Amino acid sequence: MLSRRAFTKQAAVLAACSPFLATSSLLHAAEAASVPIFTQQYPWGTFYRRSNRDAGDLNALLAEVKSCGLVGYEPIAGSPQQMKAIADAAKQHDLKVESLYVNSTLHDPGQAAASIQSVLDIAATAKEACGTRIIVTNPSPIQWGGSQNKSDKQLRTQANALDLLGAQLRKQGQQLAYHNHDIELREGARELHHMLASTDPDNVKFCLDAHWIFRGCGNSEVAVFDVVRLYKDRIVELHLRQSHDGIWDEAFGSGDIDYDQLAEMLLDLETPPLLVLEQAVEGKTPNTAGAVEAHTIGREYAQKTFAKLIAP
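Residue numbers (the working numbering): -12 to 299.
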């Protein structure tokens, strides 16, 4: 694949030779480009729970993932053994596992070292088993769903541990991508900004989950685009979710966040980010489609929206 910058240069050269070629064949080819879309494990669990289905049959789940036209799967793994089982199942369904989501506890000095080693062990297994290159982590809050905010001391401890984890992953030939939920946007987004402002950009990249930025800042699209402007060069992956009036949609599409504008903002990245659907459902989400239908619709919309990032 060519970067957008390289593609634009080639298009300009051909335009000089043949305007018809540039405006017809090239543009058509760009629009028809095969844009690889992945999916995250989490949304499938939300759809299955809504339908009272068992999400424990990994082979059945991955068969449905494959049927949507998705090329890969981003699992949530808690051990090397679990990661190996996921890798074996993904191979059976011809699904890539280019990224992996792992939990970590890094703000507590008593837990950080063991947590780092756990992530490294899982990541090494994933790299050996299926060539996983991006390791996504959202450092755990003091309490999931709780109101406690980390102290400055805890944030410094967490940032140092995150940077160390990223450096160790680089030695394994992998990239660490920091991820956030809404809790990190409290108190002026101090946790989000400290994780990115005080770590080495070579060690800590960014998995942009635009909707958690949006929700964490009071349903603000302005906040999403400001974060993109600040940390664009560190974005290696996008988690894609959409809503209407702040409520998660069933399928990724148009809505509260202008993803066409977000794609435009990323055009000058040398390497397009990995595109991962994370269109989950929640209590007030409309109930009109199952997991396969919703993910197929979302995959098609994501390919259309982000085709401009990837040239054939």
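Note that beta-carbon positions come from the ideal geometry of N, C-alpha and C, so glycine has one too.
All values reported here derive from a predicted model rather than from experimental measurement.
- Query: How is Asn90 classed by DSSP in three states: helix, strand or coil?
  - Reply: Along the sequence shown, read from residue 1 onward, the residue named residue 90 stands at position 103. Asn90 falls in the strand class under three-state DSSP.
- prompt: Expressed to the nearest angstrom, what Euclidean distance is found between the alpha-carbon atoms of Val58 and Ser102?
  reply: Taking the first residue of the sequence shown as 1, we reach residue 58 at position 71. Taking the first residue of the sequence shown as 1, we reach residue 102 at position 115. Val58 and Ser102 have their alpha carbons spaced roughly 30 angstroms apart.
**Q.** Euclidean distance between Cα positions of Cys117 and Ile63
**A.** Your numbering for residue 117 matches position 130 in the sequence shown. Your numbering for residue 63 matches position 76 in the sequence shown. Separation of Cys117 and Ile63 (C-alpha to C-alpha, rounded to the nearest whole angstrom) is 15 angstroms.
Q.
For the beta strand (DSSP E) containing Thr300, name the first residue and the last one.
A. Within the shown structure, residues of the chain are numbered from -12 to 299, placing residue 300 beyond reach of any answer.
Taking Gly59 as part of the beta strand (DSSP E), name the residues at either end of that continuous run. Residue numbering aside, residue 59 sits at position 72 when the sequence shown is read from its first letter. Here the beta strand (DSSP E) through Gly59 covers Gly59 to Glu61.
Got a sec? Which residues, its chain only, sit under 8 angstroms from Thr119 by beta carbon, not counting five neighbours each side?
In the sequence shown, residue 119 corresponds to position 132, counting from 1. Excluding residues up to 5 positions away in sequence, Val84, Glu85, Ser86, Leu87, Ala110, Ala113 and Gln161 lie with their Cβ nearer than 8 angstroms to the Cβ of Thr119 in the same chain.
- Query: Between the segment 191 to 211 and the segment 225 to 233, are three or more C-beta pairs nearer than 8 angstroms?
  - Reply: The segment 191 to 211, when compared against the segment 225 to 233, does touch it at the 8 angstroms Cβ threshold.
Threshold first: 4 residues or longer. Then list the alpha helix (DSSP H) segments lying entirely within the segment 65 to 148, N to C. At a cut-off of 4 residues, the continuous stretches assigned as alpha helix (DSSP H) that sit fully inside the segment 65 to 148 are 67 to 79 and 96 to 117.
(request) List the DSSP bridge partners of Ala164. (result) Counted from its first residue, the sequence shown places residue 164 at position 177. Ala164 is bridged to Val123 and Lys192.
Along the chain, where does the beta strand (DSSP E) that runs through Glu224 open and close?
Numbered from 1 along the sequence shown, position 237 holds the residue referred to as residue 224. Looking at the DSSP string, the run of the beta strand (DSSP E) that includes Glu224 is Ile222 to Leu227.
For this session: State the Cα-Cα distance for the pair Val123 and Tyr165, rounded to the nearest angstrom.
Result: Locating residue 123 in the sequence shown gives position 136, where the first residue counts as 1. Locating residue 165 in the sequence shown gives position 178, where the first residue counts as 1. So the alpha carbons of these two residues sit roughly 6 angstroms apart.
Worksheet entry | Of the listed residues Val263, Leu296, Lys295 and Ala294, nearest to His282 (C-alpha basis) | By 1-based counting over the sequence shown, the position of residue 282 is 295. Residue Val263 is the option with its Cα nearest to His282.
**Study point:** Pair within 8 angstroms by beta-carbon distance, Ile222 and Val211
**Key:** In the sequence shown, counting from the first residue as 1, residue 222 sits at position 235. In the sequence shown, counting from the first residue as 1, residue 211 sits at position 224. No, Cβ-Cβ distance for Ile222 and Val211 is not below 8 angstroms.
For Val209, count the other beta carbons within 10 Å of its own beta carbon; 16 or more makes it buried, fewer makes it exposed. Which is it?
Residue 209 sits at position 222 when you count from the first residue of the sequence shown. The residue in question, Val209, is exposed, as its Cβ has fewer than 16 Cβ neighbours within 10 Å.
For this session: State the start and end residues of the unbroken alpha helix (DSSP H) segment that holds Leu49.
Result: The residue labelled residue 49 in the question sits at position 62 within the sequence shown. Element bounds for Leu49: Leu45 to Ser54.
### Message
Rounding to the nearest angstrom, what Cα-Cα distance links His180 and Glu280 in this structure?
### Response
Taking the first residue of the sequence shown as position 1, residue 180 is located at position 193. Taking the first residue of the sequence shown as position 1, residue 280 is located at position 293. One C-alpha to the other measures close to 37 angstroms.
> According to DSSP, is Ala2 helix, strand or coil?
Replying inline: Taking the sequence shown and counting its residues from 1, one reaches residue 2 at position 15. At Ala2, the pLDDT of 45 sits below 50, so the modelled position is not reliable and the matter cannot be decided from this model.
Ser241 - partner residues in DSSP beta bridges:
As a first step, residue 241 must be located in the sequence shown, where it is residue number 254. Note: Ser241 sits in no beta bridge, so no partner.
Worksheet entry | For Ile234, the three-state DSSP class (helix, strand or coil) | Translated into the one-based positions of the sequence shown, residue 234 becomes position 247. Three-state result, Ile234: strand.
- [ ] List the endpoints of the continuous beta strand (DSSP E) containing Leu262.
- [x] As a position in the sequence shown, residue 262 is number 275, starting the count at 1. Leu262 -> beta strand (DSSP E) spans Leu261 to Leu264.
Lys295 to Tyr246, Cα distance in whole Å?
Position 308 of the sequence shown, counting from 1, holds the residue named residue 295. Position 259 of the sequence shown, counting from 1, holds the residue named residue 246. So the alpha carbons of these two residues sit roughly 12 angstroms apart.
field: Same chain only: Cβ atoms within 7 angstroms of Ala19, ignoring 5 sequence neighbours per side
entry: Here residue 19 corresponds to residue number 32 of the sequence shown, with the count starting at 1. Low local confidence applies: a pLDDT of 41 at Ala19 is under 50, so the model's placement there is unreliable, and no value is given.
Between Ile129 and the rest of its own chain, which residues show a CB-CB distance below 6 angstroms, the 5 nearest in sequence each way excluded? Mapped onto the sequence shown, residue 129 falls at position 142. Taken in chain order, the residues that qualify are Gln135.
Review point. Apart from the five residues just before and just after Arg173, which ones in its own chain have a Cβ nearer than 8 angstroms to its Cβ?
Key: In the sequence shown, residue 173 corresponds to position 186, counting from 1. Closer than 8 angstroms at the Cβ level, and outside the excluded window around Arg173, lie Asn136 and Gly203.
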